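End of the sequence shown sits at 1810 in this note's numbering; the numbers just go up one at a time, nothing left out.
Idealized CB from N, CA, C, for every residue including glycine.
Please read all numbers here as calculations on a predicted model, not as lab measurements.
First comes the structure, then the notes that go with it.
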Amino acid sequence: DDDDDDDDDDDNDDDDHDENNGDDDAQGDNEIKNTAQDKNPSGAGSRKRKKTGSNDDLPFTFEMPKSQSEFQNLLSKRTCAEEATIIERIIACHTVKLKAENRKLMEVFFTILVKQIRIYADNIDTCENGSRIQALGRFIHNITLQVPLFTADHINGYIKSLHKSFKKTHKLPLLKDIIMFEVVRVLYPVTDLRHPVVTPAFITLGELLALSDITAPSDLLSGLFLVSNCFSYVSESKRYFPEALNFLYGVLSLGTRSVPDDISRGFKNSFGKEHPLLIKKKIKTSPRPLNLEILSKNKLKMSDQLRLDTLDLSLLLFEKFIGLYNKHDAFSAIVEPFKPIIQEIQENLGHCLEDRLKSITDTMATKPRLISLTLQKHKPVPLNLLEPDFDDVYSGRKLRNERDQDKEINKLKALHKKEFRGAVRELRKDAKFIANVKLQAKAEFDEERNVVVKRMESQLANDHGQHKSEERKKMLKKGKLR
């Protein structure tokens, strides 16, 4: 097997001449497309393949691919299940838990997988590319758990570059760029109020829908795909997304005979007086679901069937949104601009979209829950009584008008206050008396002690004098003193 690997690598050295230009995005895309068409598989970890297509012939260990072209060669002529097995084994062999040095390898592999998703999205019309994109979602989520900071910065870089290019052109991006919003939804929690990756994606989604120039029918379908992404973002948190509803308002307006003047609230309409979604002839076919493959077509020709499918998708998204906001306090204000548009569509296409339009009208018929503001309720303020109050016995001081029970309570309070002050006064006197007694006892004790000390000092002085005189007499007898 090792000899086969060496032979395969030698055969394809001449074909991989663009491998060192992976840093440049445009050249990298061309390199990926060229290597994807290469019939001779090469790269680390590749083996001779059997025609059965089973996973039994795949090795259990793979080397980490160092470039996009090497990864493309590794997956060449592989089925979706085999690709998933190869990627899973690459991640298992180079997980961060095994070695700390694998962190940089996983970061490089994450960028490779993200580029692979964009490649599949760019060629979504080919077989199994949609399922391949879904299969790659769980793998990039696994890598995100291992290197979260790098993946967040990398995804933020894609979003910033998309936002920067949109500011220059004001055109909706391609499917390979739009698919990144779905990647954000898979990797991160979209229910957080603030998130370092999801929040920029929210803002960019809103700007794409509100400020884009709609010049072709394909822009309408791209915008509807963005609206579906918006619904997946807010379906759990039930956050209000006005840009998505405004875009649906603009799309549905293009399917009516009289385009409203405020269509600009949805998007920048470049169709003028044209009605690209208006079905003038009576159509008897039923709507069909739209696939992502239709977004990959450069020039899209509108037919009555495509118009019906586009309106059906718009109504489906609108039905989801009003089902999400039907318990909102301002629900009636949200759906009020849509009522004349839905009524006209129901008159023209009621036979084709009967069930969906009936569900929408039933939901829109919900009574408004708005409650008018009222002042805070409080007890009425009584008028002041001007009747004079006479006391039978004048006590010499002014008394307030009080009830008998309150008077007794106030008397008890005054008596308690008076007794309390007297008790405090007596306690202070007792404390002062005790302090004086202790001071007098200490003075008497000090006086007695001083008398005893003086008596003992005088006695010690006499004894010392007698001792000195005896010593002098002894010295005189010995003749030492004269």
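Paired residues, beta bridge with residue i - DSSP
i	result
I1483	DSSP, once it has assigned bridges, lists no residue as partnering I1483.
K1596	D1541
Through-space distance from residue j to residue i, alpha-carbon basis
i	j	result
K1367	Q1400	Residue placement at K1367 is flagged as unreliable, the pLDDT there being 33, under the threshold of 50; the coordinate-derived value follows with that caveat. The alpha-carbon atoms of K1367 and Q1400 are separated by roughly 11 Å.
K1627	L1582	19 Å
H1422	R1431	8 Å
L1605	G1485	36 Å
K1648	L1426	46 Å
S1565	P1501	27 Å
G1534	E1571	6 Å
L1402	P1393	8 Å
L1521	K1405	44 Å
V1526	R1513	8 Å
R1731	A1763	48 Å
E1411	S1550	29 Å
T1407	T1519	35 Å
L1515	T1472	7 Å
K1655	Y1568	12 Å
T1497	A1449	22 Å
K1735	V1752	26 Å
G1465	A1538	28 Å
P1668	H1706	44 Å
I1468	Q1674	44 Å
I1688	Y1653	13 Å
I1415	V1475	17 Å
V1780	A1771	15 Å
K1801	S1786	23 Å
K1379	D1385	The pLDDT assigned to K1379 is 37, lower than 50, so where the model puts this residue is not dependable, and the model offers no usable value.
Y1561	M1508	13 Å
H1744	A1759	22 Å
F1388	A1420	10 Å
G1308	K1757	Outside the displayed range of the chain (1329 to 1810) lies residue 1308, so it cannot be described from this structure.
N1574	S1642	12 Å
L1644	E1682	12 Å
Where the alpha helix (DSSP H) through residue i begins and ends
i	result
H1795	D1732 to K1806
V1663	F1659 to V1663
R1684	E1682 to M1692
N1401	Q1396 to L1402
L1636	D1632 to Y1653
I1461	N1457 to Q1474
T1439	N1430 to D1450
R1513	L1503 to L1515
V1518	Premise fails: V1518 is in no alpha helix (DSSP H) and is neither H nor E.
F1575	P1570 to S1581
I1418	C1408 to C1421
L1677	K1667 to L1677
Neighbour-count burial assignment, residue i, 16 or more Cβ in a 10 Å radius
i	result
P1812	The question about residue 1812 has no answer, for the chain in this structure spans 1329 to 1810.
P1369	With a pLDDT of only 36 at P1369, under the threshold of 50, the placement of this residue in the model should not be trusted; the figure read from the coordinates follows. Its Cβ being crowded by 16 or more others within 10 Å, P1369 is buried.
F1761	exposed
D1690	exposed
M1784	exposed
Q1704	exposed
A1529	buried
L1639	buried
E1398	buried
M1803	exposed
L1477	exposed
K1609	exposed
D1637	buried
N1790	exposed
P1617	exposed
N1738	exposed
G1578	buried
V1765	exposed
I1699	exposed
Nearest-angstrom beta carbon gap, residue j and residue i [assumed within contact, 8 Å]
i	j	result
G1458	L1620	7 Å
I1611	F1553	Their Cβ separation, rounded to whole angstroms, is 24 Å, which puts I1611 and F1553 out of contact at 8 Å.
T1532	L1490	6 Å
P1615	C1680	7 Å
S1540	K1596	7 Å
R1275	F1390	This structure cannot speak to residue 1275, because the chain is shown only from 1329 to 1810.
A1463	P1524	27 Å between Cβ atoms; not a contact.
I1445	I1461	6 Å
Residue-level contact to chain C via CB, residue i, 9 Å cutoff
i	result
T1613	The structure shown contains no chain C; it holds only a single protein chain.
Residue i beta carbon near the ligand GDP (any heavy atom closer than 8 Å)
i	result
K1760	Absent from the structure shown: the ligand GDP. Ligands present: none.
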